[in-house]
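Only one structure is covered here, and it is reproduced in the block below.
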Amino acid sequence: MRIVDALVEVLKDNESLTYKEAYLKIKERNLYQFGAKDPEAAVNAKLRCHCEGLDFPGASPVKYFTIVGQKGTRNLYALVKENQEGQIEKEEAKKKNKPVSEDDLLPEEKIDLTYLFYKNNIKRQILDHILDCHPSFFEQLVVNLLLEMGYGSDELSGRVLGKSHDGGIDGVIYEDKLGLSKIYIQAKRNDSGNTIGRPLLQAFVGAMQDVQKGVFITTSSFTKEARNYAEKQQQKSLKLIDGDLLAELMVKYGIGLEKVQTYTVYKINEDFFE
Numbered sequence: 005m006r007i008v009d010a011l012v013e014v015l016k017d018n019e020s021l022t023y024k025e026a027y028l029k030i031k032e033r034n035l036y037q038f039g040a041k042d043p044e045a046a047v048n049a050k051l052r053c054h055c056e057g058l059d060f061p062g063a064s065p066v067k068y069f070t071i072v073g074q075k076g077t078r079n080l081y082a083l084v085k086e087n088q089e090g091q092i093e094k095e096e097a098k099k100k101n102k103p104v105s106e107d108d109l110l111p112e113e114k115i116d117l118t119y120l121f122y123k124n125n126i127k128r129q130i131l132d133h134i135l136d137c138h139p140s141f142f143e144q145l146v147v148n149l150l151l152e153m154g155y156g157s158d159e160l161s162g163r164v165l166g167k168s169h170d171g172g173i174d175g176v177i178y179e180d181k182l183g184l185s186k187i188y189i190q191a192k193r194n195d196s197g198n199t200i201g202r203p204l205l206q207a208f209v210g211a212m213q214d215v216q217k218g219v220f221i222t223t224s225s226f227t228k229e230a231r232n233y234a235e236k237q238q239q240k241s242l243k244l245i246d247g248d249l250l251a252e253l254m255v256k257y258g259i260g261l262e263k264v265q266t267y268t269v270y271k272i273n274e275d276f277f278e
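For the sequence shown, the numbering used here begins at 5 and goes up steadily by one.
Right under this line is the structure:
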């Protein structure tokens, strides 16, 4: 019997348990002989690796457990229920799937959370640097980003128009070598408090004339009315990219960034040791 099998057995007879309680139940029923120096940590690791809603490097795709609440600062784990009532319980459990303490977190989870914090910090720095640059730099940046994402037939398919084009179109991507299909771009370098409203989108759509595809990119955000307007567009295909998504895409495609270090996260190959 594996640790995960022993956990399933003790949770069949108990509505929910912390990892420490689960370890004591396994030991009490002699379901598994622990050889690890820290058996409680081994139990916690198995619970979290097989817990739905917890997806981190090394987590198993097979989920037996779910978090149903807290007892003090520790998570309470229960078996996943597969009936309709259980599905509702599972959705509620996912909402509570945020640990209130680091006690239960595995090293892999701490790495994942730290990386997320670090990535968000880098995204903020990216936007700060963009705001410090000239507007023409931002126009060239967004054209380069779309080219890097695969839009256009080659690296020469993008062009900054700026003031040379009437109607406020800042850039264009030619999707084919003959330029028969185009994507118009508008780039607004605004601080976070200066949101983009519906009137600016309406002006952009009007400036697009017979071009069907447009991308509106800003370092700030869009109002709800602006997003609704873009979604309900019948004549044009309009994509909105706010500051958060812009920074996310720049990180993903390595625009304006240099890689400094890469870390590998490992997991034990259980089959190897059987």
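By construction, the Cβ of each residue, glycine as well, lies at the ideal position given by its N, Cα and C atoms.
Tell me which same chain residues have a C-beta within less than 8 Å of the C-beta of residue i, skipping the five on either side of it?
i, result
"glutamate 159", "Leu151"
"leucine 253", "Leu149, Met153, Ile245, Ile259"
"glutamate 44", "Tyr23, Lys24, Tyr27"
"leucine 80", "Ser20, Leu21, Thr22, Ile71, Val72, Gly73, Gln74"
Please state whether the Cβ-Cβ distance between residue i and residue j is less than 8 Å.
i, j, result
"leucine 280", "alanine 82", "Residue 280 lies beyond the residue range present for the chain, which begins at 5 and ends at 278; the question has no answer from this structure."
"isoleucine 134", "threonine 223", "yes"
"glycine 201", "glutamate 235", "no"
"aspartate 136", "proline 61", "no"
"isoleucine 173", "alanine 211", "yes"
"phenylalanine 141", "alanine 191", "no"
"threonine 199", "phenylalanine 220", "no"
"proline 139", "arginine 52", "no"
Going by DSSP, which residues form a beta bridge with residue i?
i, result
"tyrosine 188", "Val176, Gly218"
"lysine 243", "Val219"
"asparagine 79", "Gln74"
"isoleucine 272", "Bridge partners of isoleucine 272: none, in fact."
Can you give me the Cβ contacts of residue i inside the same chain, cut-off strictly under 7 Å, excluding the 5 residues immediately before and after it?
i, result
"isoleucine 7", "Tyr36, Ala46, Val47, Lys50"
"leucine 250", "Ile221, Thr223"
Give me, in chain order, the residues of the same chain whose beta-carbon lies closer than 6 Å to that of residue i; leave out the 5 immediate sequence neighbours on both sides.
i, result
"valine 215", "Lys186, Tyr188"
"lysine 217", "Ile187, Ser241"
"glycine 162", "Val147, Leu151, Gly156, Ile177"
"glutamine 88", "For glutamine 88, the predicted structure reports a pLDDT of 34, less than 50, and the residue's modelled location is therefore unreliable. The matter cannot be settled from this model."
"lysine 98", "With a pLDDT of 48 at lysine 98, under the threshold of 50, the modelled position of this residue cannot be trusted; read the value that follows with caution. Here the set comprises Gly57."
"asparagine 101", "In this prediction, asparagine 101 scores a pLDDT of 49, lower than 50, which makes its location untrustworthy; no coordinate-derived value is stated."
"glycine 183", "none"
_Can you confirm whether the segment 231-241 touches the segment 263-275 when touching is taken to mean that 3 or more C-beta pairs between the two stretches lie within less than 8 Å?_
no
*Run through the segment 107-164 for me and flag every whole alpha helix (DSSP H) of 4 or more residues, listed as ranges in chain order.*
111-136, 139-152
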